[in-house]
Amino acid sequence: MGARRRSDDAERFAANPQRHFAGKGSLLTMRLKFPIVLLTAFVLNPSTDPAWAAETPSAERLLLQDHWFIQSSGKVEEDGKTLSSGEFKPAGWYPASVPSTVLAALVNDKVYPDPDYGMNLRKIPGTEYPIGGNFSNLPQPLSSPFRRPWWYVTRFQVPGAFRGKTVWLHFDGINFRANIWLNGREIANSKQIAGSWRVYELDVTTDILPGRENALAVEVEAPKENDLAITFVDWNPLPPDKDMGLWRAVYLATSGPVALRYPEVITHFDLPSLDTAHLTVLAELRNAASKPAEGKLRGRIGPIEFGESVQLGAGETRTVRFTAEKFPQLNLSHPRLWWPAQVGPQNLYALEMEFESGGQVSDRQTIHFGVREVTSELSPQGSRLFKINGKNILIRGGGYTFDMLLRSSPEVQENHVRYLRDLNFNAVRLEGKLEDDHFFDLCDRYGIMVLAGWCCCDHWERWKRWKDEDFAIAAESLKDQVRRLRSHACLFDWLNGSDNPPPEKVEQMYIKVLKDYDWPNPFQSSATAKPTTVTGNSGVKMTGPYEYIAPSYWLEDKERGGAYGFNTETSPGPAVPPVASLRKFIPADHLWPIDEYWNYHTGGGEFSNVKVFREALEARYGKATGVEDFTEKSQVMTYEGERAMFEAYGRNKYVSTGVIQWMLNNAWPSLIWHLADVDAAPDSSTKLFAIPDLSDLTPTYFLRLELKDSAGKTVSRNFYWLSTKPDVLDWAKSKWYVTPTKSFSDMTGLGGLPKVKLGFSGRFERKGDEGLTAATIENPSSSLAFFVHLQVTKHDGEEVLPVLWEDNYFPLFPQEKREITARYFMRDAGNAAPAVHVDGWNVMPE
Numbered sequence: 005m006g007a008r009r010r011s012d013d014a015e016r017f018a019a020n021p022q023r024h025f026a027g028k029g030s031l032l033t034m035r036l037k038f039p040i041v042l043l044t045a046f047v048l049n050p051s052t053d054p055a056w057a058a059e060t061p062s063a064e065r066l067l068l069q070d071h072w073f074i075q076s077s078g079k080v081e082e083d084g085k086t087l088s089s090g091e092f093k094p095a096g097w098y099p100a101s102v103p104s105t106v107l108a109a110l111v112n113d114k115v116y117p118d119p120d121y122g123m124n125l126r127k128i129p130g131t132e133y134p135i136g137g138n139f140s141n142l143p144q145p146l147s148s149p150f151r152r153p154w155w156y157v158t159r160f161q162v163p164g165a166f167r168g169k170t171v172w173l174h175f176d177g178i179n180f181r182a183n184i185w186l187n188g189r190e191i192a193n194s195k196q197i198a199g200s201w202r203v204y205e206l207d208v209t210t211d212i213l214p215g216r217e218n219a220l221a222v223e224v225e226a227p228k229e230n231d232l233a234i235t236f237v238d239w240n241p242l243p244p245d246k247d248m249g250l251w252r253a254v255y256l257a258t259s260g261p262v263a264l265r266y267p268e269v270i271t272h273f274d275l276p277s278l279d280t281a282h283l284t285v286l287a288e289l290r291n292a293a294s295k296p297a298e299g300k301l302r303g304r305i306g307p308i309e310f311g312e313s314v315q316l317g318a319g320e321t322r323t324v325r326f327t328a329e330k331f332p333q334l335n336l337s338h339p340r341l342w343w344p345a346q347v348g349p350q351n352l353y354a355l356e357m358e359f360e361s362g363g364q365v366s367d368r369q370t371i372h373f374g375v376r377e378v379t380s381e382l383s384p385q386g387s388r389l390f391k392i393n394g395k396n397i398l399i400r401g402g403g404y405t406f407d408m409l410l411r412s413s414p415e416v417q418e419n420h421v422r423y424l425r426d427l428n429f430n431a432v433r434l435e436g437k438l439e440d441d442h443f444f445d446l447c448d449r450y451g452i453m454v455l456a457g458w459c460c461c462d463h464w465e466r467w468k469r470w471k472d473e474d475f476a477i478a479a480e481s482l483k484d485q486v487r488r489l490r491s492h493a494c495l496f497d498w499l500n501g502s503d504n505p506p507p508e509k510v511e512q513m514y515i516k517v518l519k520d521y522d523w524p525n526p527f528q529s530s531a532t533a534k535p536t537t538v539t540g541n542s543g544v545k546m547t548g549p550y551e552y553i554a555p556s557y558w559l560e561d562k563e564r565g566g567a568y569g570f571n572t573e574t575s576p577g578p579a580v581p582p583v584a585s586l587r588k589f590i591p592a593d594h595l596w597p598i599d600e601y602w603n604y605h606t607g608g609g610e611f612s613n614v615k616v617f618r619e620a621l622e623a624r625y626g627k628a629t630g631v632e633d634f635t636e637k638s639q640v641m642t643y644e645g646e647r648a649m650f651e652a653y654g655r656n657k658y659v660s661t662g663v664i665q666w667m668l669n670n671a672w673p674s675l676i677w678h679l680a681d682v683d684a685a686p687d688s689s690t691k692l693f694a695i696p697d698l699s700d701l702t703p704t705y706f707l708r709l710e711l712k713d714s715a716g717k718t719v720s721r722n723f724y725w726l727s728t729k730p731d732v733l734d735w736a737k738s739k740w741y742v743t744p745t746k747s748f749s750d751m752t753g754l755g756g757l758p759k760v761k762l763g764f765s766g767r768f769e770r771k772g773d774e775g776l777t778a779a780t781i782e783n784p785s786s787s788l789a790f791f792v793h794l795q796v797t798k799h800d801g802e803e804v805l806p807v808l809w810e811d812n813y814f815p816l817f818p819q820e821k822r823e824i825t826a827r828y829f830m831r832d833a834g835n836a837a838p839a840v841h842v843d844g845w846n847v848m849p850e
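For the sequence shown, the working numbering gives the first residue as 5, with consecutive numbering after it.
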């Protein structure tokens with residue numbers, strides 16, 4: 005995970021990246037240094053015993069996670085009927101766990117090397133497409149082992165308690181097509197099972213064998229270049245299997261004849277008053293029986309109860325609504341509200357619903373929801389302004405991605421969300437990377453708002469090529485995701501397109517799905533400013549930049565990505581990790597000079613190297629003498645650039661209404677686009693006094709700001725390194741991704757700072773599962789200690805990660821002493837008291 009820190013004025017900044025390659029079944033983490041947060045992956049231990057083993061039975065839900073085996077259909081002679089029979093034995097197959105893509109399982113089984121390291125990915129068969137190319141738009145090469153479908157097979161014991169119940173087989177994500185066989189019978193084929201973002205629930209009551217062993221076989225086909233699948237665009241490579249497989253959970257669930265699904269609570273206020281919340285409660289009922297069903301649907305929110313009788317026809321699915329007009333008890337007086345982080349508490353209520361028929365509960369569901377209403381409007385400047393419960397919100401966040409092989413873990417997700425909260429950010433954008441339910445539960449709890457929508461740059465935005473099946477898959481995908489996500493308080497907006505708005509026919513189709521399935525929040529046509537004939541102006545912009553940009557750009561620019569409006573993705577460019585991180589994924593003989601191994605871990609297209617970044621770095625901070633010098637200077641320049649962007653957007657609120665840093669994290673170890681944890685968003689920007697003319701400044705100089713209360717206590721501080729020589733931007737040569745710099749600021753004076761030896765000590769305290777280290781740092785010298793960096797380390801010297809620092813990467817003035825606190829989980833510290841490590845720009849090694 006990423007180490008992290010906060011600036012002196014409570015503005016947050018991220019950490020030093022480092023890659024930890026762990027053994028089988030461990031967390032695979034990337035500590036992506038400033039401004040990089042965390043990139044992590046988790047691979048579940050597969051069964052190493054070739055014999056079948058039974059899952060632990062559960063009364064109502066049976067997770068089919070372990071004891072899977074996979075094999076290429078090119079090496080399998082048997083058909084689905086045989087593979088799903090009790091007689092088949094998977095000799096020579098690869099053990100796997102689910103969720104897992106095919107390649108993730110093979111990497112975990114050591115069939116192929118770790119694709120994150122060096123250029124190992126190019127050694128895996130099928131990775132023949134041009135480096136930097138968008139493989140999602142290209143066909144599989146003839147030599148690829150993933151050109152053919154792959155089989156997933158498992159056997160499992162079904163509890164006898166399932167007998168007499170309706171049994172549902174759930175697939176929360178299949179990439180891309182599948183034929184499914186259960187106990188010797190095909191229950192679904194690839195015409196029905198198609199779409200990476202579809203959620204499938206199959207009635208298998210007549211095929212399941214309660215109290216006995218059952219066999220399941222799934223033949224999965226990888227997406228083709230004209231499929232609505234998953235892409236990483238130019239962010240990082242796409243694996244050679246195109247992430248084919250059972251990439252989300254597979255499980256059995258039971259109900260009575262009538263299943264209850266997707267409860268939702270919609271809130272409406274008589275704004276600006278928040279005294280009464282008018283609630284609408286709804287849920288979907290599905291009658292699986294071949295005859296009509298009758299019963300009562302009941303709901304409860306704390307002491308509030310409501311219900312009504314419902315009649316369903318044979319096989320009917322219907323949404324039932326309870327409105328505040330019809331059920332006055334749903335007019336909630338003085339509710340406990342849900343607010344985004346930094347605005348208010350994240351209060352959550354529990355909604356319990358059940359359908360009773362014939363004196364028995366057929367099904368029940370419980371969700372947690374927040375009482376909040378999201379609205380949006382165009383500001384006087386024409387920018388999209390979002391409001392939560394009627395209050396203006398400046399959106400500050402980053403673009404999120406999951407792991408390149410779609411590996412995941414709840415712990416990793418929580419680390420991401422905790423970092424966002426601790427950074428004082430309030431939002432995250434998911435461009436076609438819609439996480440699982442646990443991620444959204446975490447965002448509900450931590451107050452992180454989610455901007456979700458489809459991805460760009462593949463078949464999702466090549467509408468002219470769509471066939472009838474594509475329209476159907478797109479509509480069904482949106483329906484499944486809307487029903488899954490709509491109950492979460494954290495969702496605040498949906499984008500029907502990313503880099504381009506959909507054409508009229510597609511946009512109308514999407515809007516119909518959003519309305520038919522009760523999406524309660526705003527939606528936009530795309531992440532760009534392009535208007536449509538259906539919804540008009542989006543009120544957002546996607547103007548970049550994405551390459552290195554001078555810090556002054558954000559306040560100077562008035563036409564592109566500068567600090568005005570809502571910029572849905574932008575960045576000051578590369579974010580080179582510190583040397584400790586590079587050593588984890590760049591081989592030692594390629595650490596310096598920069599070569600093709602570095603470039604392979606950048607991006608595609610215009611972002612295939614760090615040339616522009618390096619030229620600026622050496623012009624501003626001096627020529628790099630080696631990898632250690634280059635990475636150290638990179639941390640300083642990236643910190644400087646990211647802070648400038650977020651401070652500019654914060655200064656100009658609500659002329660600026662939102663900014664999404666591209667990106668928060670990466671899908672693999674990368675040298676570009678990570679979130680710098682910068683939050684500079686004061687409530688207003690007011691001229692307090694005139695700064696006198698300062699003469700005789702050195703070419704590089706420092707500015708320290710302090711804000712004190714009436715008692716003289718410092719409540720906020722900030723520190724800048726500046727130059728008497730300004731960066732001069734070449735506006736005439738601006739492109740969509742960069743505005744070049746004609747001449748650069750002079751920061752080379754930093755190289756002349758005297759070396760400083762700091763005094764430090766650490767005080768450790770354990771509080772339950774958490775550890776706290778209070779590091780006392782003192783500068784006894786007469787010189788400034790610049791960019792002081794703290795680490796909490798285990799006995800072997802490895803950094804404890806993830807960690808939340810009260811402050812980090814800070815200056816320490818002569819004779820100054822500070823105490824800085826770090827929080828971390830004791831499991832990550834090896835359940836022992838850690839040590840404190842201190843370094844910095846001009847800090848002498850301890």
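We put the beta carbon where it would ideally sit given N, CA and C, even for glycine.
Worksheet item: Apart from the five residues on each side of it in sequence, which residues of its chain come closer than 7 Å, Cβ to Cβ, to phenylalanine 331?
Response: Stepping through the sequence shown from its first residue, residue 331 is reached at position 327. Counting only Cβ-Cβ distances below 7 Å, and skipping sequence neighbours, we find Phe310.
Practice prompt. Specify the secondary structure class of glutamine 144 as computed by DSSP and reduced to three states.
Written response: Indexing the sequence shown from 1 puts residue 144 at position 140. Correct three-state label for glutamine 144: coil.
Practice prompt. Compute the beta-carbon to beta-carbon distance between tyrosine 550 and phenylalanine 611, rounded to the nearest angstrom, for a pair I have assumed lies under 8 Å.
Written response: Working through the sequence shown from its first residue, we reach residue 550 at position 546. Working through the sequence shown from its first residue, we reach residue 611 at position 607. Contact flag correct, Cβ pair sits at about 7 Å.
Worksheet item: With DSSP run on the structure shown, which of helix, strand or coil describes aspartate 843?
Response: Here residue 843 corresponds to residue number 839 of the sequence shown, with the count starting at 1. In this structure, aspartate 843 counts as strand in the three-state DSSP scheme.
Worksheet item: Based on Cα-Cα distance, which residue from Arg325, Lys468, Arg488, Glu360 lies nearest to glycine 299?
Response: Taking the sequence shown and counting its residues from 1, the one referred to as residue 299 is at position 295. Of the listed residues, the one whose Cα sits closest to glycine 299 is Glu360.
Practice prompt. Please say whether leucine 586 and valine 851 have beta carbons closer to each other than 8 Å?
Written response: With the chain covering 5 to 850 only, the question about residue 851 has no answer from this structure.
Fill in: Per DSSP, the bridge partner or partners of phenylalanine 589
As a working note, residue 589 is residue 585 in the sequence shown. The partner list for phenylalanine 589 (beta bridge, DSSP) is empty, contrary to what the question assumes.
Worksheet item: Three or more beta-carbon pairs under 8 Å between the segment 634-648 and the segment 372-379, yes or no?
Response: no
Worksheet item: Where do the ends of the beta strand (DSSP E) carrying glutamate 769 lie?
Response: For the purposes of this step, residue 769 is taken as residue 765 along the sequence shown, with counting starting at 1. Here the beta strand (DSSP E) through glutamate 769 covers 763-771.
Discussion item. For the segment 527-547 against the segment 705-720, do three or more pairs of beta-carbon atoms, one drawn from each stretch, fall closer than 8 Å, so that the two count as touching?
Written reply: no
Discussion item. Please report the distance separating the alpha-carbon of lysine 93 from that of glycine 249.
Written reply: Within the sequence shown, numbered from 1, the residue matching residue 93 stands at position 89. Within the sequence shown, numbered from 1, the residue matching residue 249 stands at position 245. Roughly 21 Å between the two C-alpha positions.
Practice prompt. Evaluate the contact criterion for the segment 806-820 versus the segment 417-432: three or more CB pairs, one atom per stretch, below 8 Å.
Written response: yes
Item to complete: Could you tell me which residues DSSP pairs with asparagine 179 in its beta bridges?
Response: Position 175 of the sequence shown, counted from the start, is the residue given in the question as residue 179. Note: asparagine 179 sits in a beta bridge opposite Gly249.
Item to complete: Could you please give me the residues that DSSP links to lysine 717 through a beta bridge?
Response: Counting from one through the sequence shown, the residue named residue 717 turns up at place 713. For lysine 717, which the question treats as bridged, DSSP gives no partner whatsoever.
Fill in: Option in Val544, Cys494, Glu480, Lys534 with minimal Cα separation from tyrosine 514
For the purposes of this step, residue 514 is taken as the residue at position 510 of the sequence shown. Of the candidates Val544, Cys494, Glu480, Lys534, the one whose C-alpha sits nearest the C-alpha of tyrosine 514 is Glu480.
Discussion item. I need the straight-line Cα distance from glycine 852 to threonine 536, nearest angstrom please.
Written reply: The structure shown does not extend to residue 852, since the chain is modelled only from 5 to 850, so the question has no answer here.
Worksheet item: Touching or not, the segment 458-468 and the segment 226-233, by the rule of three or more beta carbon pairs under 8 Å?
Response: yes
Practice prompt. Determine, using beta carbons only, whether valine 742 and cysteine 459 come nearer to each other than 8 Å.
Written response: Taking the sequence shown and counting its residues from 1, one reaches residue 742 at position 738. Taking the sequence shown and counting its residues from 1, one reaches residue 459 at position 455. The answer is no: Cβ separation not under 8 Å.
Worksheet entry | Limits of the unbroken alpha helix (DSSP H) element including serine 612 | On the sequence shown, position 608 is the one that residue 612 refers to. That residue, serine 612, is in no alpha helix (DSSP H); it is neither H nor E in DSSP.
Practice prompt. Identify whether histidine 678 lies in helix, strand or coil by the three-state DSSP scheme.
Written response: As a position in the sequence shown, residue 678 is number 674, starting the count at 1. Three-state result, histidine 678: coil.
Worksheet item: Does the beta-carbon distance from alanine 109 to isoleucine 135 come in below 8 Å?
Response: Looking up residue 109 in the sequence shown gives position 105. Looking up residue 135 in the sequence shown gives position 131. No, Cβ-Cβ distance for alanine 109 and isoleucine 135 is not below 8 Å.
Worksheet item: If you draw a straight line from the C-alpha of alanine 680 to the C-alpha of glutamine 385, how long is it?
Response: For the purposes of this step, residue 680 is identified with residue 676 of the sequence shown, where counting begins at 1. For the purposes of this step, residue 385 is identified with residue 381 of the sequence shown, where counting begins at 1. Legend: pLDDT at alanine 680 = 42, less than 50; position of this residue unreliable, no value from coordinates given.
Practice prompt. Measure the C-alpha to C-alpha separation of aspartate 475 and proline 506 and round it to an integer number of angstroms.
Written response: Taking the sequence shown and counting its residues from 1, one reaches residue 475 at position 471. Taking the sequence shown and counting its residues from 1, one reaches residue 506 at position 502. The question names aspartate, but residue 475 is phenylalanine in the sequence shown. The straight-line gap from Cα to Cα measures roughly 12 Å.
Worksheet item: Any chance the segment 153-171 sits against the segment 68-83, with 3 or more Cβ pairs inside 8 Å?
Response: yes
Worksheet item: Can you give the Cα-Cα distance for arginine 422 and proline 349, rounded to whole angstroms?
Response: If you number the sequence shown from 1, residue 422 lands on position 418. If you number the sequence shown from 1, residue 349 lands on position 345. If I take the Cα positions, the gap works out to 15 Å.
Worksheet item: Using 8 Å as the threshold, is the segment 267-278 in touch with the segment 290-297, meaning 3 or more CB pairs across them?
Response: no
Discussion item. Report the CB separation of valine 804 from proline 838 in whole angstroms; it is logged as a contact under 8 Å.
Written reply: Sequence index remark: in the sequence shown, residue 804 carries index 800 (1-based). Sequence index remark: in the sequence shown, residue 838 carries index 834 (1-based). Going by Cβ atoms, the distance from valine 804 to proline 838 rounds to 5 Å, so yes, they are a contact pair.
Fill in: The alpha helix (DSSP H) enclosing proline 815, as first and last residue numbers
Walking along the sequence shown from the start, residue 815 turns up at place 811. Not the alpha helix (DSSP H): proline 815 falls in the beta strand (DSSP E), residues 814-816.
Discussion item. Helix, strand or coil, according to DSSP, for glutamine 369 in the structure here?
Written reply: Counted from its first residue, the sequence shown places residue 369 at position 365. Strand at glutamine 369.
Worksheet item: What is the DSSP secondary structure of lysine 471, reduced to helix, strand or coil?
Response: As a first step, residue 471 must be located in the sequence shown, where it is residue number 467. Coil, per DSSP.
Discussion item. So glycine 569 and serine 660 are supposed to be a Cβ contact under 8 Å. How far apart are they, rounded?
Written reply: One-based indexing of the sequence shown puts residue 569 at position 565. One-based indexing of the sequence shown puts residue 660 at position 656. So it is a contact: roughly 6 Å between Cβ atoms.
Discussion item. Measuring CB atoms only, is the segment 648-664 touching the segment 572-586, in the sense that at least three cross pairs come out at less than 8 Å?
Written reply: yes
Worksheet item: Ordered along the chain, which non-local residues of its own chain (more than five positions away) have a Cβ less than 8 Å from that of glycine 130?
Response: In the sequence shown, counting from the first residue as 1, residue 130 sits at position 126. The residues are Gln144, Pro145, Ser147, Ser148, Pro149, Phe150, Arg151, Pro244, Asp245.
Worksheet item: Which value, in whole angstroms, describes the spacing of the CA atoms of isoleucine 824 and methionine 357?
Response: The residue given as residue 824 occupies position 820 in the sequence shown. The residue given as residue 357 occupies position 353 in the sequence shown. Roughly 47 Å separates the two Cα atoms.
Worksheet item: With contact counted as at least three CB pairs below 8 Å, one residue from each stretch, are the segment 661-669 and the segment 396-409 in contact?
Response: yes
Practice prompt. Report yes if the CB atom of threonine 209 is closer than 8 Å to the CB atom of valine 171, and no otherwise.
Written response: Numbered from 1 along the sequence shown, position 205 holds the residue referred to as residue 209. Numbered from 1 along the sequence shown, position 167 holds the residue referred to as residue 171. Yes; because the gap between Cβ atoms is below 8 Å, this pair is in contact.
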